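Student:
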């Protein structure tokens with residue numbers, strides 16, 4: 001089986017206090033620490049590609065990982081907040097083995113619920129907190145058969 005990783009972006013500044021466009025809202029100091037811990041965990045797993053929502057906080061969540069592996073973060077609109085679920089499922093089907101994807105608190109639960117409905121076994125209690133990492137295991141046909149979640153780093 002092969003694995004994909006779906007990361008909820010790390011802690012960002014509070015939405016209600018942010019005066020600019022929400023797309024540009026960056027990680028907080030705590031969020032940067034979470035991103036560093038996520039990078040440390042995932043770098044060991046030899047990620048192949050880093051895909052992110054176009055939102056700054058999602059990109060920044062993967063930047064420490066990109067630095068560790070000498071890669072770049074690629075933008076994929078399908079991972080953005082308020083997007084439809086089916087295109088994300090299509091992305092999961094087409095993503096290369098070892099892909100790491102950063103998205104949002106509306107997209108990830110919707111994806112996991114749809115995967116469950118299609119027969120994916122979720123082997124751990126769900127965790128939607130910021131900087132949590134979903135590990136999705138695909139069989140030889142590309143179907144995601146198992147999902148587990150790693151909780152956010154304790155910070």
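Residue numbers (the working numbering): 1 to 155.
Don't be surprised by glycine CBs; every beta carbon is placed ideally from N, CA and C.
All values reported here derive from a predicted model rather than from experimental measurement.
1) In the DSSP assignment, the beta strand (DSSP E) including residue 32 goes from what residue to what residue?
2) Within the continuous alpha helix (DSSP H) that includes residue 67, where are the two ends?
3) Using the rule of at least 16 other Cβ atoms within 10 Å of the residue's Cβ for burial, across every protein chain shown, is residue 23 buried or exposed?
4) Per DSSP, residue 84 forms a beta bridge with which residues?
5) Is the beta carbon of residue 87 closer than 8 Å to that of residue 49?
6) Is it the case that the Cβ atoms of residue 105 and residue 8 are separated by a distance below 8 Å?
7) Start and end of the beta strand (DSSP E) containing residue 117?
8) Go through the segment 114-148 residue by residue and report every complete run of the beta strand (DSSP E) that reaches 3 residues or more, in order.
9) In the DSSP output, which residue or residues are listed as bridge partners for residue 103?
Tutor: Quick look at the numbers:
1) One-based indexing of the chain shown puts residue 32 at position 32. Per DSSP, residue 32 belongs to no beta strand (DSSP E); it is in the alpha helix (DSSP H), 29-43.
2) Locating residue 67 in the chain shown gives position 67, counting from the first residue. Residue 67 -> alpha helix (DSSP H) spans 56-69.
3) Here residue 23 refers to the residue found at position 23 when the chain shown is read from its first residue. Exposed.
4) On the chain shown, residue 84 is found 84 positions in, with the first residue counted as 1. DSSP output for residue 84 lists no bridge partner at all.
5) Translated into the one-based positions of the chain shown, residue 49 becomes position 49. Translated into the one-based positions of the chain shown, residue 87 becomes position 87. Not a contact, by the Cβ cut-off of 8 Å.
6) What you label residue 105 is simply residue 105 of the chain shown in a count that begins at 1. What you label residue 8 is simply residue 8 of the chain shown in a count that begins at 1. The answer is yes: Cβ separation under 8 Å.
7) Start at 1 with the first residue of the chain shown, and residue 117 comes out as number 117. From DSSP, residue 117 is part of no beta strand (DSSP E) but of the alpha helix (DSSP H) over 107-117.
8) 133-138
9) For the purposes of this step, residue 103 is identified with residue 103 of the chain shown, where counting begins at 1. Per DSSP, 8.
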